[in-house]
Structures are given as C-alpha cells and as structure tokens.
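The end of the first sequence is residue 471 by this note's numbering, with every number in the run present.
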Amino acid sequence: MMQPILLWFTRDLRLADHPALDAAARGGDPIVALFVLDDASWGSWARGAASRWFLAGALEALASDVRDRGGRLVLRRGRADEVVASVARAVRARAVFWTRHYDPWGRSVERRLEARLGELGVEARAFPGFLIREPQEVLQRDGEPYRVFTPFSRAWLAHQPPHPPLPVPARIAFADLGLPSETVETLALRPTKPDWARGLRACWDPSERGAEALLERFLEGPVWNYARDRDFPARAGGSRLSPHLAIGTVSPRRVYWAALARAEATGRGFPAVWPFVRQLVWREFAWSNLFHFPELPDRPLRREFEAFPWAIDARLLRAWQKGRTGYPIVDAGMRELWTTGWMHNRVRMIVGSFLTKDLRIPWQEGERWFWDTLVDADLANNAMGWQWVAGCGIDAAPYFRIFNPVLQAKKFDPEGDYVRRWVPELARLPAAWIHEPWKAPPLVLEEAGVRLGLTYPPPIVDHEIARKEALDAFAALRTG
DNA sequence: TGAAATGTTGGGGCG
DNA sequence: ACGCCCCAACATTTC
C-alpha cells in the first residue's frame, strides 16, 4: 500500500473548504483521519462543557462522512503532538497535514509536533483554514498589529480578495487501517448524570450539514435585515453560525463567499452584506489579537487593570450565573445561555457590563463561565469580548461606558418578548414594567402573579449606586 | 458596540 | 405687550 497521509483534524471538522484535506486528496494518497482530544496541552483553557457537547456531535457527523468514503475517523485522547507523531509512525505516514492553530497553546503543540515528525523523517505541513486571512498578513505599515478595529477592518478589506472556497474533493481515499480508536461515547464529551443538554439538542445540529442549513436559511432573508434586526434579541436576526465557526463545521471563507455571492446574485452589492461580513472581520480581529498578544485570555492588555479594585463576592457571582440578579434582561440572557448554550450578542454586552461594572467582579470570572457554557466558546472572541466590556482591552470600551440594564432592555427589547421567553415568572407583566418590576405598582405585580423576593428576586444591587462605585473604583485606578 | 449631567433654546403660562 | 420663569426638547460635556 502507498504511504498514507495522516490528516490531523483540529478545529476544522468538515470536508468542504478544507485546504489540508484538499491538498491531501489531490495526490490520491490514502488518508488516515485522526482527531485527538487534548485537554492537557491547553491547560486551563481545555474545552468547556457546552463546546464539548457540540464537539461530540461534530465528530459523529465527520466520522459518518469519513465512513461513507471508505475510511474511519480515528479518535484518541492525549497530548496531540505525542499522539499524532505516534500514529504517524504506526501507519508509516509520508506526511502529516493539519489546519493551523493561532492560539499560543496550539502553536506550541505544533512546534513540538514538527520536531517529533522531523526526527521521524515525516513531512509536516500546516494549512490555513480557520481564518480567512493570516494574522501576519494584516499589519500596520510599521509591521505592528492593529490595536483598533476600524483601521484593521479597512486594511483587511484592502487586501486581495480571498480565494473562493474549495469544494468537497470529488474523491477522497480515506483509509481504515484498523487502528485502535476511542468512540465518541468513550471520549465522554456529553453530560450524563445530570443531562443538562436537552436545550442544546433542541437548538443545534452540530454538523457540517447543520451549518449549511443555517447559512442557507440566513442568506434566504435575515441577512438583508441584519443591520436592523441584529440588536434585538427577540428577533431571529443573526445567523447562529458562531458554534460552527468555532469548531470548524463551516469555514469562515465559505460564509464570506456565500454572503458576497448572494449579494451579487440579487443585484445588491457588497454594502448589503457588509454589516454581517463585518462580524466575520471582528472574528479575524480577535484572532489577530490573540496571535499577537498571547496573554489575551488571562491578563488585561492594559496592565494598570491588574491593580483594579475588584469586589469579589461568590454570592453575587452565583446570582449572575444562575440568572437571579433581579434585572430581567440580565437574567433572561444568563438563562438563555444556560438553556441553549448561546446568548444574543447584545445581551452578552449587557450581562458583561453588569458583571464587571455593576458587580465589579473580575472579567475573568465571566470569561470562565462563558467558556464553560457557550457552545460557541472561542478563545479569542471570548477573551477579546470580555476585555472589551471590562475596558481593559486594546480597542476596549472606555471605562466609563457603563450599560444601564433597564435602558438597554427598553431600547432593544421594547415589548419585553425576550424577557418573557426566558424569565417566565415575569411573563404576565405589561411591557411598561417588565424591565423594572421593582418599580411596578403592587396591584400590577399582583395581577401578573409576581411576588418580589418570592417568585422573582429584587435587584441584587442598585444600578445607580453600583455605577457610582464603579466610577470611583476607576478613578482610584487612574490616580494610582 | 452608553449614560448621566449639564448647558442651551424656545414655546407658552402668567403677572 | 413685555419680561420672567418653567420646563421640555435637544445638544454638549463629562464620567
């Protein structure tokens, strides 16, 4: 038998627009498909629970696609560099191909792997595919990375248009060499004793086909109203592709091209899809940030924030996590997250501001919670988002930008539909009071069946006071 | 990808 | 008729 190519799947669990797979298939060599569940190399940033659930489904779907082509997706756990090298040796691979990482942990795994493969005399080739552009491509004139989104996006757009996405290779010679393999079950990616994944199953199809369906649905209509609808959490204005982009069941380039092609085909042109494409560029910006500032997930990029007087309070943190803060829009968001593994982006900003400014709990606590509970948990997006909302990032909201949860709710959930959906104990309150039930007249509360402190908590902090305290804390930071 | 505080303007009530 | 005041509406500044 010809020497196979070992295809190490990472966050690229798809067949379409997969440069490493395409290159491997092109030569006609047999391809051994391998996925390694490696928690150790990522340390405290090993995948969280919700994204493990999503991963399980994506692996099953990919395994099925590989099986349909005569092969078998080999599943292993352990240090990826060790496992990949040992499988490469066992199958006498000619080469190992994979999709490149951009986070510091993945990059060091790759460096160790390259060294091991070098010793074995096996070719090692890393391909793009996780991002549309490489982070090294989009730099300022002086070679420094951009620190502000707008100029980054301008420069990003000014580059040559990306290549069109690659189709699924017509012929892929996936091999089944009878290698020992875990199963998706033995990898224990899904919850068992308390099965909290019911809401996730109802929401997501974690497969390449699921991603394709979402993309098609989105481009059939919602994309044209994206700019108008995206900020209203009760509307289905977004694509919901984020978990697929995080795990690679769709490529960002495919999404980008599909949007542009649809704009073209319907005679609308680029501006019609820019608000949506812009979100893809934000993702590129986040990964550029992480690539150039590898401490992004753990340390504030504005170092003075190391000295910020946080107010750590486990009781308040738990109330936030459980969606029992007494601020309906915050609680709705946190419960949507818990139930579905996803939260509307506008609401992510509101709950983030509430945690870091109103409760003055360190942004890393929020980042951790999101990391564990989001199906779309993405190291760069998550870290950048939390640093942004806390005011310590490089293109961050100024420290004094404190969201008022009631005003935000009235503005972006004017009828209260979002709150009604996720905080059912308030569902019968009229829109006038639903975002601040503590101000509602007793009779209104009674008619809606709301008993503050019993059926729904009173606010755990007073926003007016918390806001002033946060500003004082920031002032203390500035004067040193 | 804010919100609150403060300043300005102009219409209208009223002595 | 006039000046004064109030205050809503809007703009600007500040946090």
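C-beta atoms are modelled at their ideal positions from N, C-alpha and C, and glycine is treated no differently.
Taking residue i as the reference, which of the options has the closest Cα?
i, options, result
"Leu28", "Asp222, Arg162 and Trp44", "Trp44"
"Asn372", "Glu438, Gly382, Arg231 and Ala237", "Ala237"
"Pro449", "Arg315, Val264, Phe465 and His92", "Arg315"
"Glu51", "Val65, Ala41 and Ala40", "Val65"
"Phe465", "Arg351, Pro415 and Leu443", "Arg351"
"Val100", "Pro182, Arg181 and Asp72", "Asp72"
"Pro158", "Asp8, Ser144, Gly169 and Ala298", "Asp8"
"Gly317", "Lys401, Leu417, Met(-7) and Thr240", "Leu417"
"Pro234", "Asp3, Thr347, Leu(-3) and Asp94", "Asp3"
"Ser172", "Leu434, Gly69, Glu203 and Ile(-4)", "Gly69"
"Ser242", "Leu(-3), Gln127, Gly120 and Ala84", "Gly120"
"Phe118", "Arg98, Arg107 and Val214", "Arg98"
"Ala24", "Leu12, Trp33 and Asp196", "Leu12"
"Arg80", "Gly48, Trp273, Trp311 and Leu104", "Leu104"
"Leu168", "Phe284, Met325, Gly260 and Ala84", "Ala84"
"Ala467", "Gly324, Trp379, Pro300 and Ala423", "Pro300"
"Gln131", "Glu114, Ala115, Asp453 and His150", "His150"
"Gly112", "Val338, Ala86, Asp94 and Pro433", "Ala86"
"Arg253", "Gly228, Leu210 and Ala218", "Leu210"
For residue i, which residues from the same chain have a beta carbon less than 6 Å from its beta carbon, with the 5 sequence-adjacent residues on both sides left out?
i, result
"Phe394", "Ile341 and Ser344"
"Ile385", "Arg138 and Leu292"
"Val484", "Only positions -8 to 471 of the chain appear in the structure, and residue 484 is not among them; the question remains open."
"Ala277", "Ala371, Asn372 and Met375"
"Phe296", "Cys383"
Counting along the chain, where does the beta strand (DSSP E) carrying residue i start and finish?
i, result
"Glu358", "Unbroken run through Glu358 is the alpha helix (DSSP H), Trp354 to Thr364; no beta strand (DSSP E)."
"Trp(-1)", "Ile(-4) to Phe0"
"Phe118", "Glu114 to Phe118"
Which same chain residues, not among the five before or five after residue i, have their C-beta less than 7 Å away from its C-beta?
i, result
"Arg226", "Asp220"
"Thr1", "Trp89, Thr90 and His92"
"Trp362", "Gly39, Ala368 and Asn373"
"Trp36", "Trp96, Pro288 and Leu370"
"Ser198", "Gly48, Ala49, Ala52 and Thr240"
"Ala15", "Ile(-4), Leu(-2), Ile22 and Phe88"
Return the Cβ separation of residue i and residue j in integer angstroms, given the expectation that the two are a contact with Cβ distance under 8 Å.
i, j, result
"Leu271", "Ile123", "7 Å"
"Leu365", "Leu328", "7 Å"
"Arg419", "Gly444", "At roughly 18 Å, the Cβ-Cβ gap does not stay under 8 Å, so Arg419 and Gly444 are not in contact."
"Ala461", "Lys348", "5 Å"
"Asp222", "Phe403", "5 Å"
"Pro319", "Ala400", "7 Å"
"Leu(-3)", "Val78", "6 Å"
"Gly357", "Trp379", "Contact doesn't hold; Cβ gap of about 12 Å is too wide."
"Val414", "Arg326", "7 Å"
Closer than 8 Å by C-beta to residue i: which residues in its own chain qualify, once you throw out the five before and the five after it? Chain order, please.
i, result
"Glu286", "Leu292"
"Ala41", "Leu191, Gly332, Asp363, Thr364, Leu365, Val366 and Ala368"
"Leu251", "Phe261, Val264 and Val268"
"Val246", "Leu206, Ser230, Leu232, Leu236 and Leu271"
Could you give the residue range of the alpha helix (DSSP H) that holds residue i?
i, result
"Arg226", "Neither: Arg226 is in no alpha helix (DSSP H) and is coded neither H nor E."
"Ala282", "Rather than Ala, the amino acid found at residue 282 in this sequence is Phe. Run containing Phe282: Phe261 to His283, per the alpha helix (DSSP H) assignment."
"Glu255", "Pro243 to Ala256"
"Glu416", "Where Glu416 is concerned, there is no enclosing alpha helix (DSSP H), given that its DSSP letter is neither H nor E."
"Arg337", "Asn336 to Ser344"
"Gln312", "Ala305 to Lys313"
"Asp367", "It is not in any alpha helix (DSSP H) - Asp367 carries neither H nor E in the DSSP assignment."
"Ala302", "Unbroken run through Ala302: none, as it is neither H nor E."
"Trp424", "Ala422 to Ile425"
"Trp147", "Phe140 to Ala149"
"Lys459", "His454 to Thr470"
"Pro448", "From DSSP, Pro448 is part of no alpha helix (DSSP H); its letter is neither H nor E."
Review point. Which residue spans inside the segment 21 to 89 form an unbroken alpha helix (DSSP H) run of at least 4?
Key: 40 to 59 and 71 to 81
**Study point:** Any alpha helix (DSSP H) of 4 or more consecutive residues that is wholly inside the segment 375 to 406
**Key:** 396 to 403
Review point. At what residue ranges does the segment 152 to 193 contain a whole run of the beta strand (DSSP E), taking only runs of 3 or more?
Key: none
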